[in-house]
Amino acid sequence: MTYQENNSSTYVKKLSKVKITSADLVTVCITNHIIDVTVKRKQNTAGLRDIVKVDKDHYMIISTGEIKEYSHSKNQSNKISNNRRKCMNKKFSYLRQFINTNFKGEDCERHITLTYGNPTKEMAKAKSDFKKFWKRFVYRYGDIEYIAVFEPHKSGAWHIHVLVKNKSGKTLNLSKKEVEQIWKNGFVKITRLNHDDIGGYFRNLLGQEDISDKKKKSARLDYYPLHAKIYTSSTGMKKPSLLCTDNEGMKEIVGNRKPCFEQGYSIRMCDTDWEVNRIGHITYNDKKNPYN
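Sequence positions in the sequence shown follow my numbering and run 11 to 302.
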């Protein structure tokens, strides 16, 4: 599967396997039972050196002397939308690792969903209402930590996912009726965190092909205000740590684990098919594939 970026002379080819060499740059993020590996090949600029810009609309392939046209975006709004999509994808990817660093599905943790009786399409109101709710919640339940994620329904109305944990480590018992009274704005759902990738539930990557189907969570980009922060958290939550290493260092960390997810991307020149760079993502999950 391939797709071409707007206003670019490169295209991206998806790869089912990620091949790692000794020269690759490897980043490892360990979040409890999950290990995420990102592989980046050092940029091969030889293919780019074979191209020289002629003007804003044309470039020349030096080795052949051919004059080519840049693939400009015909719609500036599409270009802006693509840039926003990439930015939001980075936010969602970080959020997944942030959640998985702090939540494991223990008895001291719960997932609260806050919805409105009278729906609001204003993210700012949802954030303001949550601040008021959290002050009342802490007053009733004590020393609790949280990560709150703001998410729109397909209609554009906002709701809030709140992951909470008892700092003492003791079982967290919450009354649905009581929490609804504290929320004051509608309805509450309380569940245990029993996913093998808790943060993955909130990692709604925005695909190019999904932007018109609002039934898909990944298609609701337009509902997020520009530069919006999609989550908030208590100060005690740990940030995910990244380890920069190489292929041998990654092998020592991973051991004989088997990946549960693997996806590579080859960035190539449109005209010469020269590979400019290669990026890969591999995930190991001890709950999906138990480590022996």
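Glycine included, each C-beta is placed from N, C-alpha and C at the ideal position.
**For Val-148, three-class secondary structure by DSSP** = helix
**Message:** Let's see if you can read the secondary structure: which residues bound the beta strand (DSSP E) around Glu-161?
**Reply:** 154-162
**Request:** Using alpha carbons as the reference points, say which of Ile-263, Lys-187, Val-172 lies closest to Ile-208.
**Result:** Val-172
**Request:** Flag this pair as touching only if the region 253-272 and the region 109-124 have three or more C-beta atom pairs under 8 Å; answer yes or no.
**Result:** no
**Prompt:** What distance in whole Å lies between the Cβ atoms of Arg-95 and Leu-231, which are believed to be in contact at a cut-off of 8 Å?
**Reply:** 6 Å
**Prompt:** When you compare only the Cα positions, how much space is there between Asn-295 and Tyr-275?
**Reply:** 21 Å
**Asked** Alpha carbon to alpha carbon, what distance is there between Ile-109 and Glu-155?
**Response** 12 Å
**Asked** Per DSSP, what kind of secondary structure is Tyr-233 in: helix, strand or coil?
**Response** helix
**Prompt:** Between the C-alpha atoms of Met-247 and Asn-42, what's the straight-line distance to the nearest angstrom?
**Reply:** 14 Å
**Asked** Using 8 Å as the threshold, is the region 156-172 in touch with the region 124-140, meaning 3 or more CB pairs across them?
**Response** yes
**Prompt:** Do the CB positions of Asn-287 and Arg-267 come within less than 8 Å of each other?
**Reply:** no
**Asked** Going along the chain, which residues of its own chain have a beta-carbon closer than 8 Å to the beta-carbon of Lys-27, five neighbours each way excluded?
**Response** Glu-272, Gly-274
**Prompt:** Tell me which same chain residues have a C-beta within less than 7 Å of the C-beta of Asp-139, skipping the five on either side of it?
**Reply:** Asn-195
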